[in-house]
Amino acid sequence: MSADMSKHLTLHTSETVAENRVEPNFVKPYGDTMNDGRVQLSFTLPVALDENAKEAARQLALEMGFDEPAVVHAEDMGQGFSFYVLYGQCKHRVDLSRIKVAKPEFETLDKDAINALIAEKMGRKMVVVGACIETDAHTVGIDAIMNMKGYNGHKGLESYHEVRAINMGAQVDSEELVARAIEEQADVILVSQVVTQKNIHLDNLTRLSDLLEAEGIRDRVILVVGGPRISHELAKELGYDAGFGTKSYAEDVASFAINEWIKRHTA
Amino acid sequence: MSADMSKHLTLHTSETVAENRVEPNFVKPYGDTMNDGRVQLSFTLPVALDENAKEAARQLALEMGFDEPAVVHAEDMGQGFSFYVLYGQCKHRVDLSRIKVAKPEFETLDKDAINALIAEKMGRKMVVVGACIETDAHTVGIDAIMNMKGYNGHKGLESYHEVRAINMGAQVDSEELVARAIEEQADVILVSQVVTQKNIHLDNLTRLSDLLEAEGIRDRVILVVGGPRISHELAKELGYDAGFGTKSYAEDVASFAINEWIKRHTA
Amino acid sequence: MSQLNLDQGQIDRARESARRIAHRVFDDMSQYTTTTVERATLRLMGVDGVDDNQIPLPNRLVAHLQEQKLLAHGAASVVAGAMAEHALTAQQVAEAVAAGKLVLARPKHDKAARQSAEAIAAKMCEHIAAQRAVRSQQIDKVGEARTPWLYLIVATGNIFEDIVQARAAAEQGADIVAVIRSTGQSLLDYVPYGATTEGFGGTYATQENFRLMRAALDEVGAKIGRYIRLTNYCSGLCMPEIAAMGAMERLDMMLNDSMYGIIFRDINMKRTFIDQFFSRMVNAYAGIIINTGEDNYLTTADAFDAAHTVLASQLINEQFAYISGLKPDQMGLGHAFEINPDLENGFLWEVAHAQLVRQVFPEACLKYMPPTKHMTGNIFRGHIQDALFNVVSTLTGQNIHLLGMMTEAIHTPFIQDRFLAIQNAKYVFGTMRDLHDEVEFKAGGRIESRAQQVLAETVGILADIEKIGLPAAIGRGTFADISRTMDGGKGLDGVIAKSPDYYNPFPDLMLAGAN
Amino acid sequence: MSQLNLDQGQIDRARESARRIAHRVFDDMSQYTTTTVERATLRLMGVDGVDDNQIPLPNRLVAHLQEQKLLAHGAASVVAGAMAEHALTAQQVAEAVAAGKLVLARPKHDKAARQSAEAIAAKMCEHIAAQRAVRSQQIDKVGEARTPWLYLIVATGNIFEDIVQARAAAEQGADIVAVIRSTGQSLLDYVPYGATTEGFGGTYATQENFRLMRAALDEVGAKIGRYIRLTNYCSGLCMPEIAAMGAMERLDMMLNDSMYGIIFRDINMKRTFIDQFFSRMVNAYAGIIINTGEDNYLTTADAFDAAHTVLASQLINEQFAYISGLKPDQMGLGHAFEINPDLENGFLWEVAHAQLVRQVFPEACLKYMPPTKHMTGNIFRGHIQDALFNVVSTLTGQNIHLLGMMTEAIHTPFIQDRFLAIQNAKYVFGTMRDLHDEVEFKAGGRIESRAQQVLAETVGILADIEKIGLPAAIGRGTFADISRTMDGGKGLDGVIAKSPDYYNPFPDLMLAGAN
Ligand code: B12
Ligand code: B12
Ligand SMILES: Cc1ncc(COP(=O)(O)O)c(C=O)c1O
Ligand SMILES: Cc1ncc(COP(=O)(O)O)c(C=O)c1O
């Protein structure tokens, strides 16, 4: 979570405090007129192109809840497939006032403040062990968080003098990661999952948390997952303490971690 | 309707004759696995980007009937707008076997055959008056059908020696068109409508057909409309005899017209 | 980009032909005025507003002058005379006439009436000059955007919705916002009045709409630190009046062509030739950049085959523009990227055409239009067609760059279409920032040969036009494959032969004072 | 495109350094074999299939040889000896060993065993040569596609679904179909068996899958009148075995790099260096074009800063390829369009890099990879990034053109992603058909200077590597910003020192008979 996002968070929270019953705030897609509901769609149908297939595409859009759907492009793809582009007017609307996205609750601090907080509250270095687990070899994300160099000008955890950062790299078996976490007495475990095809990341992540449970150390570590298709909500569902998506940086994770550590150790 | 499309038509018709109760034939969008339902969406929301807005985008997709919708791109657009790209798995499916698209029933002939048929059945030239009516000035479509040169290598009606083709051009008032049709004793009226914003084409087309009714000549002419957003179905709804969309050529219209003329004069 | 090797002698010959063609038309038309020229004159003298039937007072007044057989003398001195006689403002004269309370006649003191008309006109010229100064100051303050300038349209039909979209576009990077006009307005023989919310495929051009949009763009421009240019359509049956409104409200650009109305709106030739002179003169004085419409030819004619007709027309438009006092940097000569994407080597020909135009008009503020005709419902493919258009534009140093929309074949732009179009152009322009400086095309190669060929064809066609005269050439369908006749088309009834004492204060003031 | 002015002396110096670097590694590694080299040898002698636990028989047999301490002599002669002794086929020997019915020992008649091993190997070589001939005939018959060849991936995880997608891709215009391998297969120390339907992010490379896809592509190729090349991954812990399988099943291309596994899969260096030699030799003999993996460096290192590491690595890969008998036109040296799209003039640098590689390897079958790292969920913008990649590819005359997917940052390609990607490339290649022949870049300009700079840096880095040796250079993170050590990584346990009488029939046969 970037500093920018947490600003919004504060905003919404204070709103909620101010008035408990929020006015509904319906929102619909916008093309060129408020509430016109305009949406663009594209998809393939596994049938050759003909007028009936085109009509099928249109009917699908009707079923999705589009008024006046128009198939603006239809093209045969060979081998019994056809491609469609549609525009339609979405009938659905959502009430923004009812949406409260789960977010890890913390304020993103800068590196110095984080170091200071760790020094003050923990009185020792925070130990962070990270890895890209199981078959996943996409280390660029975890490296962005952990390695000295960091990402987009945001230095990684290795550059934090109050953090002991151990990046185990790619395709690390969950067993190996857990063993290392125990060995290093890790405060925080960072896991990266980038490949999501057939939801393999869910299997991998569940496997890791089961292992931690089995080893009886789940409660002793702060368990964090990140990746381009990871949301905090998903992470929570999987029993993780936090989840970080695209555009996360070391300071976001570190801020969360020390915040969570303090919470646990003062509660 | 191209020759190619009418082939499909014949096929479907004969199928229907062969077996009256067709097996259901459900079809769903296809990404990389049969029935995975994958669809791409994009739209704008009239709110600034934040996590709640992103969640609103996701919830809209849920309401449209998508499983596991993912907001794969979210970007602020300034001035309180934000843009989203999503992928999701469409739950809906349609039964192709129940789709029977209304189509003008005729076989597309070539120019020579059309000329021969007119000569044989009408014994005189067929009179065709065409125009782009009311505020619409997009003549390229009607010119493609009527002018000598034609379109994409398909010569226009002016080149048919058994057709007297009168192209009145752009922005012709309905009154003018009707007056000319009466004066020329038109067999066929061709109307083009390209501008569809705020459904202005529907108003224009209704106006013309009301005028023809008022003049008492509606039944005496074959009334045809064309344009990129025109379908035969829509034309029928508006009380026209046929509608032609993109990729129509002179021979399609002429084939329909002589076919329809014969039908009316032998019935 | 390195210069293509072109024969300057051919360019000069073509330009000379065009000069003679335009001057002959101008000379022939000088004997006429039109109802809309007179209405524009009245507007510039302060007449505005509508009657109870929403008929604009300039129309009521001019109709009255026609009834009274006074129009041939020019509206200005008649109205100035009535103002003096009855101690009324021009507006009050118009109201009184509309109310049937006043019947106009030739001024008693013709010379005095002319003088007072001139004084009123001079005041308006001061106002317009002040608007021009504001524009210069603002541009000086915030600096000029880098060319190609990103030009975007809004076309919701509702001025208030247009404003929302225009602000967002400016914030996203637009340098120019054009408010597209409602389908059909160009054939109205009056200018609608007030803020409007009901257009089709565009929003009515009214003075109030101009004012509202100008204010909105000034505001967002101040916020983002960039002067946003405003564009509208100075075209159709009310070309001169719209020029007047635009001059008063500080528009920055106007679509304004010497032949577009004739060809694409079937407006009478005489009417258009007369109107275009007056409207351009106003534009010139107001420091407005005109955008000519040659790009449209390529929507009805083939972009490859008809390339020379574009250049020929640009040369004619240039000469008409000079006659009206426009400077080269006010000449947004139009051309377009409209070659069929399926044509092998089409990109090479686009480069050749764009660079040819660039070299023939080195000082002009060229307007380059995106693909439209060959855009389809396949928005993904269309987005790439637009990207290649962006490439040619930066490579050949175009000035006004109308952004292509991937939804061109579908609807007037949605907000996201514009957003993505800006991203497209910004990406291409940035990643190719200095490419124009690096690229050279092979001497004697396909690109250069193509440019030479188009130039040679242009010389030829202009020589032909010169022989038969422009009206006859239009009659032969020279441009856009569309043919029109001298006495055909709409609006001929608004063409009035001037009487020998015809008077209009503006030409003298404006032609002298253009920047 | 016109040639950039490069110093041939620098190119020669760089190539000489690379030659010495590669030969030193080769010499050091010649004393070893690996378990997978031996398994590949057995596969080429006819061993296939799995035991009840789905363990491939080549693995069972090699494990047995290891247990019996026989592997250092080479599997070929031991097995040939057993075949002769028991009158069994190689497959029967394997089955018997797996069933525990047979324990192998050194052949009684070593020379005879070698001769019979050689005879078996020669037969396999004939089969592979015949496959090569089939390929040539088919290509002769239908003609060769124009370069850049359109290269598409299928990656559903299910071979049968892959086939559906591959057929559609071919029909839409793909020249090459690559079946992406399941995540993680490269770290398996065996090759899965049979048709597979359960991969993640790709489909397992198995011989049966190769066969099925080959048949499908032959069929669709016959229908559309174009030979469709099939590609897979000859990479990871079983590199030599996959080479063997590919040679037998007439694959046409193989991802095969001398360092990719070390760097990106943390496979042990020795293991990789040995395996790559054997696998490339098989590829060379089978007429397979290898694709090297330098493009990957630019996903972890910055494409601008690390441009010279790509060229250095290509030169090293080239030398390793020569050692294995590969011809230049079999060298699909990899590079990529991976510069940050926000970098001003990035397109110029992409042109410089691509053209530099083209000129340094004029005869190579270059493999050019699309943007991946800087692709985002904004599919519209991504589609344009891909279009500009297509532009550079045609402009600089690349050979193997991997199609960029607008959904790169989202998922393995959907059928429509591929469809639109093909349209993108075909449009760009067609509309710019002869542009490469027209464009010249300014002498001494930014593009040329950039290419010269990268070349100079390449000379420098290769000199450094030569000094310390390739393993040490990899240890310093020279490539891809990733560092590996000689004894680290997976698979070192499969590296076996050859005994002095080590025998393998294939090198002699294959190195002599490569096309
Ligand atoms: C680089 C790359 C590779 C490199 C990886 C090199 C390396 N050492 O990492 C190479 C070439 C090796 C590779 C290989 C493969 N890849 Co790959 N790869 C990519 C690519 C192009 C970029 C990923 C990346 O580096 N992004 C940049 C980083 C910084 O972003 P990020 O990972 O999102 O990280 C940020 C956040 O998510 C977050 N974050 C990430 N992790 C963590 C962890 C924590 C704890 C926290 C707090 C935050 C955090 O913070 C980071 C910084 O802001 C993507 C496509 C794309 N453009 O996204 C495909 C992609 C991820 N790869 C893909 C695939 C399928 C593969 C292969 C399986 C293909 C194959 N069969 O060969 C292989 C196998 C890899 C394997 N075993 O895992 C698919 C995944 C599809 C899916 N959704 O399942 C993608 C999307 C491409 C595609 N469209 O097919 N790949
Ligand atoms: C060319 C063009 C123009 C030219 C028209 C020149 C001329 N003389 O026709 C010019 C530049 C003048 C123009 C102006 C405007 N245009 Co325009 N124009 C287009 C453009 C680029 C191409 C249309 C075209 O010629 N297609 C080629 C022909 C051959 O295709 P077609 O019309 O579909 O015809 C085929 C079939 O539909 C069918 N058919 C068509 N008519 C008929 C009739 C019969 C009887 C039959 C049987 C068949 C048939 O057969 C034809 C051949 O197969 C489209 C965008 C696009 N790419 O589609 C915008 C477009 C149609 N224009 C548009 C607009 C809004 C305008 C303006 C109103 C903008 C403005 N405010 O200034 C003006 C005003 C015009 C007016 N008063 O109507 C919008 C319409 C939006 C909408 N859906 O409502 C579009 C879609 C552009 C956009 N995205 O904004 N335009
Ligand atoms: C010069 C010019 N005037 C006017 C228009 C718009 O047409 P109208 O306002 O007549 O509908 C165009 C078309 O883009 C044009 O190029
Ligand atoms: C040379 C090479 N080998 C292999 C791969 C694929 O990785 P793996 O099969 O190890 O998962 C790549 C990546 O694209 C590559 O470039």
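Residue numbers (my numbering), protein chains in the order written: chain A, 1 to 267; chain B, 268 to 534; chain C, 535 to 1049; chain D, 1050 to 1564. Glycine included, C-beta positions come from ideal geometry on N, C-alpha and C.
Asked, Found
"Identify the residues that DSSP records as bridge partners of Tyr87 of chain A: which are they?", "A:Gln40, A:Ala70"
"Check the Cβ of Phe83 of chain A against every Cβ in chain D and list those closer than 9 angstroms, keeping chain order.", "Ile1464, Gln1465, Phe1468, Leu1469"
"Please classify Glu518 of chain B: does DSSP put it in a helix, a strand, or coil?", "helix"
"Expressed to the nearest angstrom, what Euclidean distance is found between the alpha-carbon atoms of Pro1462 of chain D and Val1228 of chain D?", "12 angstroms"
"At a cut-off of 8 angstroms, would you count Leu457 of chain B as near ligand 2, judging by its Cβ distance to the nearest heavy atom?", "yes"
"With a threshold of 8 angstroms (Cβ to nearest heavy atom), would Glu1393 of chain D be considered close to ligand 2?", "no"
"Beta-carbon of Phe310 of chain B versus every beta-carbon of chain C: anything under 9 angstroms?", "yes"
"When the Cβ atoms of the stretch 974 to 987 of chain C are set against those of the stretch 1408 to 1428 of chain D, are three or more pairs found closer than 8 angstroms?", "no"
"Check whether the Cβ atoms of Val973 of chain C and Val1191 of chain D sit closer than 9 angstroms, and answer yes or no.", "no"
"What residue ranges within the stretch 1102 to 1166 of chain D form continuous alpha helix (DSSP H) runs of no fewer than 4 residues, ordered along the chain?", "1106 to 1116, 1124 to 1135, 1139 to 1147"
"Could you check the C-alpha separation between Gly615 of chain C and Met779 of chain C for me, to the nearest Å?", "24 angstroms"
"Mind checking if Asn1427 of chain D is an interface residue toward chain B, Cβ cutoff 9 angstroms exclusive?", "yes"
"The beta strand (DSSP E) spanning Arg763 of chain C covers which residue range?", "763 to 767"
"So what does DSSP say about Arg1230 of chain D, is it helix, strand or coil?", "coil"
"Tell me whether Glu1052 of chain C counts as near ligand 2, meaning its Cβ is closer than 8 angstroms to at least one heavy atom of that ligand.", "Because residue 1052 of chain C is not part of the residues shown, which for chain C are 535 to 1049, the question remains open."
"Residues of chain B with CB closer than 7 angstroms to the CB of Glu1210 of chain D, please, in chain order.", "Asp299, Thr300"
"Using 8 angstroms as the cut-off, classify the Cβ of Tyr1346 of chain D as near or not near the heavy atoms of ligand 3, replying yes or no.", "no"
"Tell me, which residues are paired with His92 of chain A by DSSP?", "For His92 of chain A, which the question treats as bridged, DSSP gives no partner whatsoever."
"With a threshold of 8 angstroms, are at least 3 pairs of Cβ atoms found where one atom belongs to the stretch 389 to 397 of chain B and the other to the stretch 422 to 435 of chain B?", "yes"
"Could you check whether the Cβ of Leu223 of chain A sits closer than 8 angstroms to any heavy atom belonging to ligand 4?", "no"
"Tell me the DSSP bridge mates of Asn434 of chain B?", "B:Gly397"
"Let me check understanding here. Comparing Cα to Cα, which of B:Glu518, B:Gly304, B:Ser364, B:Ala341 lies closest to Cys357 of chain B?", "B:Gly304"
"Is Gln438 of chain B near ligand 5, in the sense that its beta carbon is under 8 angstroms from a heavy atom of that ligand?", "The ligand content of the structure shown is limited to ligand 1, ligand 2, ligand 3 and ligand 4, which means ligand 5 is not among them."
"If you follow the alpha helix (DSSP H) that Thr1083 of chain D is in, where does it begin and where does it stop?", "That residue, Thr1083 of chain D, is in no alpha helix (DSSP H); its beta strand (DSSP E) goes 1081 to 1083."
"Name the DSSP beta bridge partners of Gly866 of chain C, please?", "C:Asn825"
"Please list the residues of the stretch 1218 to 1238 of chain D that have a C-beta atom closer than 7 angstroms to any C-beta atom in chain A, keeping them in chain order.", "Glu1220, Gln1221, Thr1232, Gly1233, Leu1236"
"Since Ser1362 of chain D contacts Glu1343 of chain D with CB under 8 angstroms, what's their CB separation in whole angstroms?", "5 angstroms"
"Helix, strand or coil for Tyr151 of chain A per DSSP?", "strand"
"What residues from the stretch 67 to 80 of chain A come within 9 angstroms of chain C, judged by C-beta to C-beta, listed N to C?", "Ala70, Val71, Val72, His73, Ala74, Glu75"
"Under a three-way DSSP split, which group does Val101 of chain A fall into?", "coil"
"Beta-carbon within less than 7 angstroms of Lys111 of chain A's beta-carbon, same chain only, minus the 5 sequence neighbours each way: which residues are those?", "Lys155, Tyr160, Glu251"
"Note down the Cα distance separating Tyr831 of chain C from Asp1015 of chain C, rounded to an integer number of angstroms.", "8 angstroms"
"Gln307 of chain B CB to nearest chain D CB: under 9 angstroms?", "yes"
"Compare the C-beta of Ala943 of chain C with all C-beta atoms of chain A and state if any pair is closer than 9 angstroms.", "yes"
"Taking 9 angstroms as the threshold (C-beta atoms), are Lys1539 of chain D and Arg1320 of chain D in contact?", "yes"
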